[in-house]
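Residue numbers (my numbering), protein chains in the order written: chain U, 158 to 265; chain E, 95 to 211.
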């Protein structure tokens with residue numbers, strides 16, 4: 158099983174819809190989790206940290222399920238500007254592992 | 095100037111050339127990283143510096159040589175590269191060193207797009 162796994166997509170979603178994607182991780186001792194957003198040919202930018210209790214930032218909600226070893230990202234009322242690749246990042250001790258990313262296309 | 099700055103933005107070099115990538119962070123962070131991003135692959139961690147000390151070398155070939163003269167600057171010296179080394183090289187920094195199970199994320203520079211011909 159890969160250390161961090163994401164569905165590469167692409168997810169083609171109409172504007173205004175809700176979209177969610179997951180990221181699974183293999184090591185149950187993983188300590189911290191993040192979602193990054195990367196636009197085409199640009200650097201990754203931190204979208205949000207993922208806390209055990211779940212957290213929300215505007216239209217974005219991130220959740221952690223330790224029992225099933227996955228994190229999720231939910232985007233409500235999607236905008237055209239949400240089109241990007243979303244990278245899952247898992248931190249275990251001094252190891253930082255990025256997923257390959259999930260490509261999201263918001264369609265007008 | 096704030097954030098993480100990388101130069102040059104683009105670099106084309108021959109296999110016999112020697113060049114250096116530069117990264118500078120103005121965030122007061124304690125850890126800096128070099129990542130490699132190739133097409134259709136996840137980001138690959140190359141080197142980690144915590145408080146100017148190299149703490150990780152992820153089996154990177156010796157043709158890549160990092161240097162961290164102080165906590166704000168990081169270099170990646172390149173020599174005798176191969177065409178398969180063509181990629182986007184990203185520098186990042188974080189508040190806490192990676193070994194502390196950081197709850198902080200990473201700030202990335204814009205990257206250097208390297209082409210080896």
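Idealized CB from N, CA, C, for every residue including glycine.
None of these values were measured; they are calculated from a predicted model.
message = Can you give me the C-alpha to C-alpha distance between residue 228 of chain U and residue 166 of chain E, rounded to a whole angstrom?
response = 33 Å
ask   = Distance, Cα to Cα, residue 201 of chain U vs residue 106 of chain E?
value = Straight-line measurement puts the Cα of residue 106 of chain E at about 23 Å from the Cα of residue 201 of chain U.
inquiry  = Within a Cβ cutoff of 6 Å, which residues of the same chain sit near residue 196 of chain U, ignoring the five residues on either side of it in sequence?
reply    = 241
ask   = Below 8 Å between beta carbons: does that hold for residue 259 of chain U and residue 191 of chain U?
value = no
Endpoints, the beta strand (DSSP E) within which residue 209 of chain U is located = From DSSP, residue 209 of chain U is part of no beta strand (DSSP E); its letter is neither H nor E.
request  = Report buried or exposed for residue 194 of chain U, applying the criterion of at least 16 other Cβ atoms within 10 angstroms of its Cβ.
outcome  = Looking at its Cβ environment, which holds 16 or more other Cβ atoms inside 10 Å, residue 194 of chain U is buried.
query = When burial is assigned at 16 or more other CB atoms within 10 Å of the CB, is residue 95 of chain E buried or exposed?
reply = Residue placement at residue 95 of chain E is flagged as unreliable, the pLDDT there being 48, under the threshold of 50; a coordinate-derived value is accordingly withheld.
key: is_contact[residue 200 of chain E, chain U] using C-beta, thresh 8 Å   = yes
task = Consider the Cβ of residue 165 of chain E: report whether some Cβ of chain U lies at a distance smaller than 8 Å.
result = no
query = Is residue 190 of chain E near residue 124 of chain E, with beta carbons less than 8 Å apart?
reply = yes
ask   = What's the gap between the Cα of residue 112 of chain E and the Cα of residue 263 of chain U?
value = Here the alpha carbon of residue 112 of chain E sits roughly 43 Å from the alpha carbon of residue 263 of chain U.
3-residue-minimum beta strand (DSSP E) runs that sit fully inside the segment 173-261 of chain U, ordered along the chain = 176-182, 189-195, 201-207, 212-214, 217-222, 227-232, 241-249, 252-255
inquiry  = Assuming residue 210 of chain E is part of the beta strand (DSSP E), what are its boundary residues?
reply    = 206-210
ask   = Does the distance from the CB of residue 199 of chain E to the CB of residue 99 of chain E come in under 8 Å?
value = no
inquiry  = Would residue 204 of chain E pass as an interface residue toward chain U - the criterion being a Cβ-Cβ separation below 8 Å?
reply    = yes
task = Check the Cβ of residue 167 of chain U against every Cβ in chain E and list those closer than 7 Å, keeping chain order.
result = Those do not exist, as residue 167 of chain U stays about 13 Å from chain E at its closest Cβ, beyond 7 Å.
message = Would you call the segment 167-182 of chain U in contact with the segment 145-164 of chain E, where contact means no fewer than 3 C-beta pairs closer than 8 Å?
response = no
task = Verify whether the separation of the beta carbon atoms of residue 172 of chain E and residue 157 of chain E is less than 8 Å.
result = yes
task = Would you mind sorting residue 243 of chain U into buried or exposed? The rule is 16 or more other CB atoms within 10 Å of its CB.
result = buried
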